[in-house]
Structure formats: structure tokens, C-alpha cells
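As C-alpha cells, the structure follows; a few thoughts come after it.
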Amino acid sequence: MPPDPDGQTFVIGTAGHVDHGKSTLVRALTGIDPDRLAEEKARAMTIDLGFAWLRSPAGRDVSVVDVPGHERFIKNMLAGVGGIDAAMLVIAADEGPMPQTAEHLAILDLLEIGHGLAVLTKRDAVDADWLDLVTEETREWLRGSGLDGAPIVPVSATHGDGLSELLTTLDEVLATVPERATSGPPRLPIDRAFTIAGFGTVVTGTLSGGSLAVGQELRHLPSGRPVRVRGLQSHLSGLDRVGPGTRVAVNVTGLDVADVRRGDVLAPAGALRPAERLDIRVRLLADSPPLGQNDEVELFTGAAERLVRVTILDRETLAPGEEGWVQIRLSEPVAVARGDRLIIRRPSPSRTIGGGTVIDPAPARHRRFRPEVISALATLAEGTPEELVTQALAAPLDQKALATALPGLDRATLAEAISATVASGEVRVLGGTGTLVEGSGYLVSAEGWSRLRDRARAEVNAFHATHALRAGMPKEEFRRRLGITSPRLTDAVVVTAEADGDMRDLGALVAATGFTVTLGPDRRRAADAFLAMLRGAPMAPPPPASVGLDPDTLGAMVELGEVVRVAEEIVFDAETYGRIERGVIGLLDRDGAVTIASFRDHFDTSRKYAQAVLEYLDGQRVTRRVGDQRVRGPAASTIGRDDTEDQGR
Numbered sequence: 001m002p003p004d005p006d007g008q009t010f011v012i013g014t015a016g017h018v019d020h021g022k023s024t025l026v027r028a029l030t031g032i033d034p035d036r037l038a039e040e041k042a043r044a045m046t047i048d049l050g051f052a053w054l055r056s057p058a059g060r061d062v063s064v065v066d067v068p069g070h071e072r073f074i075k076n077m078l079a080g081v082g083g084i085d086a087a088m089l090v091i092a093a094d095e096g097p098m099p100q101t102a103e104h105l106a107i108l109d110l111l112e113i114g115h116g117l118a119v120l121t122k123r124d125a126v127d128a129d130w131l132d133l134v135t136e137e138t139r140e141w142l143r144g145s146g147l148d149g150a151p152i153v154p155v156s157a158t159h160g161d162g163l164s165e166l167l168t169t170l171d172e173v174l175a176t177v178p179e180r181a182t183s184g185p186p187r188l189p190i191d192r193a194f195t196i197a198g199f200g201t202v203v204t205g206t207l208s209g210g211s212l213a214v215g216q217e218l219r220h221l222p223s224g225r226p227v228r229v230r231g232l233q234s235h236l237s238g239l240d241r242v243g244p245g246t247r248v249a250v251n252v253t254g255l256d257v258a259d260v261r262r263g264d265v266l267a268p269a270g271a272l273r274p275a276e277r278l279d280i281r282v283r284l285l286a287d288s289p290p291l292g293q294n295d296e297v298e299l300f301t302g303a304a305e306r307l308v309r310v311t312i313l314d315r316e317t318l319a320p321g322e323e324g325w326v327q328i329r330l331s332e333p334v335a336v337a338r339g340d341r342l343i344i345r346r347p348s349p350s351r352t353i354g355g356g357t358v359i360d361p362a363p364a365r366h367r368r369f370r371p372e373v374i375s376a377l378a379t380l381a382e383g384t385p386e387e388l389v390t391q392a393l394a395a396p397l398d399q400k401a402l403a404t405a406l407p408g409l410d411r412a413t414l415a416e417a418i419s420a421t422v423a424s425g426e427v428r429v430l431g432g433t434g435t436l437v438e439g440s441g442y443l444v445s446a447e448g449w450s451r452l453r454d455r456a457r458a459e460v461n462a463f464h465a466t467h468a469l470r471a472g473m474p475k476e477e478f479r480r481r482l483g484i485t486s487p488r489l490t491d492a493v494v495v496t497a498e499a500d501g502d503m504r505d506l507g508a509l510v511a512a513t514g515f516t517v518t519l520g521p522d523r524r525r526a527a528d529a530f531l532a533m534l535r536g537a538p539m540a541p542p543p544p545a546s547v548g549l550d551p552d553t554l555g556a557m558v559e560l561g562e563v564v565r566v567a568e569e570i571v572f573d574a575e576t577y578g579r580i581e582r583g584v585i586g587l588l589d590r591d592g593a594v595t596i597a598s599f600r601d602h603f604d605t606s607r608k609y610a611q612a613v614l615e616y617l618d619g620q621r622v623t624r625r626v627g628d629q630r631v632r633g634p635a636a637s638t639i640g641r642d643d644t645e646d647q648g649r
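Mapping the sequence shown onto UniProt numbering, position 61 (from 1) lands on 61, and the numbers just tick up by one.
Now the structure itself:
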């Protein structure tokens with residue numbers, strides 16, 4: 001029967017030395033031969049990953065990943081164990097633990113796979129006393145490992161002895177496995193890819209995160225190529241949807257099998273970002289050689305394998321058995337998330353030397369021995385959700401970007417952490433009313449806002465110092481100087497700074513609170529002289545350039561509201577312009593429309609000035625052009641009617 005997409009499914013993996021009977025055991029438990037390659041059957045040895053499944057006595061759906069035991073195929077083994085819930089460590093009763101048993105157990109420990117059991121195969125090949133001896137030896141040998149105290153079940157896969165007890169014990173082990181997270185985006189690390197005639201490309205892997213459904217749009221990573229789920233199959237049954245923990249084959253469109261390699265990932269757009277640099281926490285095995293600066297090692301995570309260069313951040317050399325903070329540079333991008341486990345191996349001579357955890361899947365390049373870097377990594381590794389949110393918001397992010405930055409937090413936990421940090425004042429909501437709206441708006445930590453606020457004030461004040469005659473700094477320049485990419489975030493910063501009393505939002509400009517344009521004595525005299533000229537010829541004002549008024553002084557007069565510039569070389573004093581506006585409203589009330597001719601005659605001016613003023617009023621939405629006439633515009637209601645005066649004559 002197919003696995004229940006709404007129920008918990010489990011993945012167990014075999015581990016152990018070559019020829020200890022892993023594949024034979026899987027075949028006996030499931031009735032499925034995991035050795036699918038002709039070479040494997042010819043050599044009677046597992047070379048690559050094999051897959052099978054069973055339903056346990058308690059009704060649990062269990063997928064089985066069978067891994068090769070030979071040291072030459074350890075890379076294939078590593079591609080298979082990354083997504084398992086529990087391990088079956090297989091040890092032949094007639095040999096006991098062997099070198100690859102030890103390496104496989106070390107890998108399980110480094111991946112923190114602490115659920116499982118030991119299976120003593122070939123019990124029919126030894127007598128009872130020897131079996132008791134090997135059982136006790138295995139129990140002692142497991143002491144101190146992740147399988148310390150795990151059940152040990154002797155079986156004969158050939159004769160079936162002990163298989164019933166093994167299945168019962170397996171149920172008991174799986175009952176202790178925590179449920180996988182079911183929220184968040186689905187993620188499928190690919191461990192196989194092939195083509196089926198008539199269907200196209202099929203990829204397989206163990207699903208984590210959320211559910212996957214037929215028709216769903218995904219991205220192939222690291223290429224970023226869009227793909228669509230055409231079909232799903234698990235345990236030879238076609239399904240419309242599968243849940244996390246399921247071993248699944250996915251038929252996809254938009255992807256050629258030649259473009260897929262083991263370790264690639266399928267995930268929704270934006271869920272993961274392929275990285276060429278990772279921050280990791282590494283622990284070396286006690287018998288490992290030291291790890292030095294710029295060493296080249298092999299990284300295994302999920303089903304992926306990459307060559308990497310090492311930068312140790314907190315010391316010169318990582319000694320055997322030590323833990324440390326490390327930044328690695330990958331030979332090719334890999335798609336991982338915070339919290340993913342990993343293994344590192346020396347390429348030559350080939351051996352496993354340690355493992356660890358992805359702390360930051362998209363870090364900046366770090367300089368070594370920086371306390372602030374180490375502190376930030378420690379928070380990422382061990383911090384509470386609230387601490388993680390606060391740290392991630394050192395610079396403003398919208399809530400979608402924050403979720404991407406913290407993939408280890410499910411949606412509910414993230415929402416609770418955001419609410420808690422906003423309530424405590426550790427996080428500020430930018431823009432709008434400053435209140436939290438789930439799923440929208442920009443957030444920044446209180447410290448991050450303090451830094452951004454100080455920079456914003458400094459930039460605006462610096463602008464005022466060098467442009468004293470301008471009312472404010474253009475928002476586009478403000479955005480560039482702060483290094484903000486989004487105009488929406490720029491507006492949110494300005495609104496919040498205005499609410500804090502730091503600056504004023506002037507539409508296209510931003511100004512410091514309290515700043516006013518001030519003309520020096522010489523410019524003031526020039527401005528007053530120009531105003532006198534305008535008032536002397538209110539409806540035929542002289543062009544500013546014709547009287548020698550410099551552009552900066554004119555700009556300051558506009559900012560101060562002393563004059564209104566309706567065209568490049570046409571300027572009215574503010575009092576005259578106010579009378580013109582009110583007069584136009586009076587004409588509209590009387591006649592229903594204004595033309596250039598009626599304006600010219602009413603104000604006793606020339607066509608040049610009439611046309612310039614009416615076009616300016618159109619732009620201010622006081623009037624609206626209809627053919628050769630102007631009618632009332634939306635802003636006309638804000639202007640009082642004044643038909644009692646001589647309108648500027």
C-alpha cells in the first residue's frame with residue numbers, strides 16, 4: 001500500500017562493513033532486492049544506493065535505504081544516510097565490528113543520527129556462546145556513541161530466524177523518533193535521476209519540509225531552472241501528494257536528466273539560495289589529522305558532494321577532537337539551509353575526519369579572529385527564535401526575506417518570535433502606523449534602526465550643509481546614499497524617522513526637522529529687489545535671468561514660498577499668484593470654463609502669461625483641460641473664490 005501523505009513516514013538506513021549482509025537483510029525484511037545494478041548482482045556486492053520499503057507490525061510506513069559497505073563506495077553511502085530517521089547498524093556475528101563498521105558509526109554520530117539498532121546477521125553461522133560473546137562485545141563497542149544502549153537483535157536473513165523480533169524492535173525504535181517538521185517549503189535532495197520512456201525525467205530523494213503535490217511549481221537548484229511536478233510515486237504507487245519523510249520519485253517537466261546531478265535540490269522559488277560560501281560549526285574525530293588554514297577537503301551534505309577550502313575563524317588549527325567555527329568556499333554552489341548536517345573527508349588519503357552543522361547558508365566573507373563574528377555565529381547556532389530574529393534584522397528586511405534568512409524556523413515559530421520582539425521593543429516596524437501586520441512591512445532590530453537612523457540624519461544634515469538654499473534632499477539621492485535598493489523601504493525609513501521627530505517628509509524631498517532655507521544678507525537684498533520688480537509689474541513679471549537673479553537665490557525664494565515659478569522664465573510673487581488662483585475660481589464659478597483668451601482679458605495680460613499660468617494650474621490639478629477650455633479640477637475645491645478684488649490689474 002502507498003504511504004499516507006498525512007501520516008508520519010519513516011526512513012531507515014543500513015550501515016556497516018562490506019559483506020556483513022545488509023542487502024540480504026533488506027531483501028528478507030521487505031521482499032525487495034535493493035541491488036538494482038547488473039554489476040552489483042554479478043559481484044554480489046552493493047555499489048550504489050538501493051531502496052525498499054515495508055509496513056511495520058504497528059502499521060508504520062517505512063522506507064529503507066541500503067548503502068554500500070566497501071570503503072571505495074563511501075561517497076555513495078554518504079549520499080544515502082543524510083535523510084534517514086534511524087539506522088540499522090549491521091554486524092556479521094561471525095566477524096564482529098570491522099573497519100567500515102567503525103567509519104559508518106562515526107558518520108552516524110557526526111550526522112547526529114541517534115535513533116537505531118544493531119543487527120547481528122549470520123547468527124546461524126555461530127554457536128550460542130559465540131553469539132552471546134559478540135552481542136556483549138557489540139554492546140561495549142557502541143558505548144559512548146549515538147547508538148549507546150541501542151537494541152541488539154541477532155538474525156539469520158537466510159533462514160528467517162529473528163526477523164519477527166527485529167520488526168517488533170524496529171517499531172519500538174521508530175516510536176521514539178520525533179515527528180518531522182511539516183511546515184515550511186518542501187525540499188527534495190536528489191540522490192537519483194533517470195529517464196522513463198513516455199514520461200521524461202524522474203528524480204528521487206527523501207522529502208523534507210512541507211508536502212509536495214502534482215502540478216506544483218519548483219526550482220531546480222543550483223541552476224534555478226523552473227520545473228513542474230508531473231507525477232509522484234512512492235512504494236510503486238502513484239500519488240497526488242506526498243508528505244515530509246517520504247521516499248519519493250518525482251516526474252518533472254522542464255528538466256533534462258543530463259542537467260541533473262546527485263546532490264541537486266528541488267524546492268519552491270525563493271526557499272533556498274545556492275551558496276558558494278558557508279559558515280559551519282565543525283567537530284573533528286578524535287583520531288583525525290589536524291585541520292589547517294586553507295586546507296582542501298571534501299564536503300558531503302544532503303546528497304551533495306563538493307570540494308571546499310577551509311578558513312578557520314577562531315584559531316590557527318583545529319586539532320583532533322576539537323570543535324571550531326569555520327567558513328568554507330565551495331568549488332561549486334550548493335543549496336542548503338541553516339541546521340543541515342554535514343561530513344568532511346580528506347580526499348587523499350581518503351578518510352572521514354569530522355562533521356558539523358550549517359550555521360549560515362549565505363554569509364559575507366569574514367575576517368578571522370573577530371569577536372563579533374564569533375558571537376553572531378554562536379547566536380545563530382544556539383540562540384532562541386527571538387534572538388535569531390533580532391540578529392537577522394541588523395538591517396531592514398521584509399517578512400518574506402526574513403523567513404528566507406531563517407529557514408530553520410517554521411512559519412508559526414517565526415510569527416511568534418516577530419510578535420514577541422516587536423512587543424518587547426527589540427524590533428521596530430518601519431513605515432505605516434508602526435504596528436505589526438503579519439506577512440507585510442519592513443522590520444529592523446532596535447540597534448539596527450539606531451544605526452540606520454544616525455546615518456540618515458547624518459546624510460540629510462550633510463546635504464543641508466552643502467545645499468543651504470534647497471528645501472530638502474531628493475529622496476532618490478537619500479536612497480542611494482544609504483545604500484537602500486527599494487524605494488518602498490526608503491519611504492518606510494522616512495515615515496519612521498518623521499514619526500521619531502528626526503526629519504520631515506516633503507514628498508519628493510526629505511529634510512531635517514527644524515531646517516529652513518535661509519538667505520544670507522547679499523542674497524536677501526537681491527531677493528527683495530526682485531520681489532519689488534514682480535510687484536511693480538504683477539501680470540507681466542520680468543524673467544529672473546533678465547535682472548541678474550542667480551538660480552540658487554530664485555530656488556530659495558521658491559522654497560520659502562515668496563514666489564511661484566509657473567514656467568522656466570515666468571515667476572509671480574506669492575501674493576499675486578494667490579489672487580490669480582482665486583480669480584480663476586471666480587471665472588469658473590461664473591462661466592463654467594476658462595480659456596486663454598478669457599484669462600488674458602480678465603487679468604489684462606498677454607497670451608504668453610495666460611497660457612503659462614493655465615498649464616501650471618493644470619499640473620496642480622486646479623483646472624483640467626478639455627479641448628481649448630479649462631474646467632474645474634480635483635484641487636479647485638481647496639481654493640477660495642475671490643471676485644471682490646481687482647484681480648491683479
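Glycine is no exception: its CB is placed at the ideal position from the N, C-alpha and C atoms.
Around the Cβ of residue i, are there at least 16 other Cβ atoms within 10 angstroms (buried) or fewer (exposed)?
i: GLN293; result: exposed
i: GLY205; result: buried
i: PHE194; result: exposed
i: ILE190; result: buried
i: LYS400; result: exposed
i: ASP643; result: In this prediction, ASP643 has a pLDDT of 49, which is less than 50 and means its spatial position is unreliable; what the coordinates show is noted afterwards. Counting Cβ neighbours within 10 Å, ASP643 comes out exposed, since fewer than 16 surround it.
i: PRO5; result: buried
i: THR513; result: exposed
i: PRO634; result: exposed
i: SER348; result: exposed
i: SER440; result: exposed
i: PRO290; result: exposed
i: LYS22; result: buried
i: PHE572; result: buried
i: THR433; result: exposed
i: ASP454; result: exposed
i: LYS608; result: exposed
Grab the span of the beta strand (DSSP E) containing residue i for me, first residue to last.
i: THR14; result: 9-16
i: ALA92; result: 86-92
i: GLN233; result: 225-234
i: ARG281; result: 275-284
i: ASN251; result: 247-253
i: ASP66; result: 61-66
i: GLY50; result: 50-55
i: VAL429; result: 427-430
i: ILE152; result: 152-154
So who's on the other strand from residue i, going by DSSP bridges?
i: PHE572; result: VAL564
i: GLU217; result: ARG228
i: PRO222; result: Bridge partners of PRO222: none, in fact.
i: GLU194; result: Note that residue 194 is Phe in the sequence shown, not Glu. PHE194 pairs with VAL202.
i: GLN629; result: VAL626
i: ALA267; result: ARG219
i: THR121; result: ALA92
i: LEU212; result: VAL242
i: GLY116; result: ALA87
Check for me: the alpha helix (DSSP H) holding residue i runs from which residue to which?
i: SER375; result: 371-382
i: THR553; result: 551-559
i: THR413; result: 411-424
i: GLY80; result: 74-81
So, using beta-carbon positions, are residue i and residue j closer together than 8 Å?
i: LEU388; j: VAL444; result: no
i: VAL517; j: LEU560; result: yes
i: VAL155; j: LEU120; result: yes
i: VAL308; j: SER331; result: yes
i: ASP94; j: VAL126; result: yes
i: PRO268; j: PRO222; result: no
i: ALA15; j: HIS104; result: yes
i: GLY245; j: THR413; result: no
i: MET88; j: LEU117; result: yes
i: ALA527; j: GLU562; result: yes
**Q.** alpha helix (DSSP H) runs wholly inside the region 433-513, at least 4 long, in chain order
**A.** Qualifying alpha helix (DSSP H) stretches, in chain order: 446-466, 475-482, 487-499.
Going residue by residue through the region 593-624, where are the continuous alpha helix (DSSP H) segments of at least 4 residues, counting only ones entirely within it? 596-603, 607-619
Margin query: Report the start-end ranges of each beta strand (DSSP E) in the region 298-372 that is 3 residues or longer and not cut off at the edges.
Written below: 304-312, 323-334, 341-347, 350-360
Practice prompt. Ignoring anything shorter than 4 residues or poking outside the region 126-150, list the alpha helix (DSSP H) runs there in chain order.
Written response: 128-142
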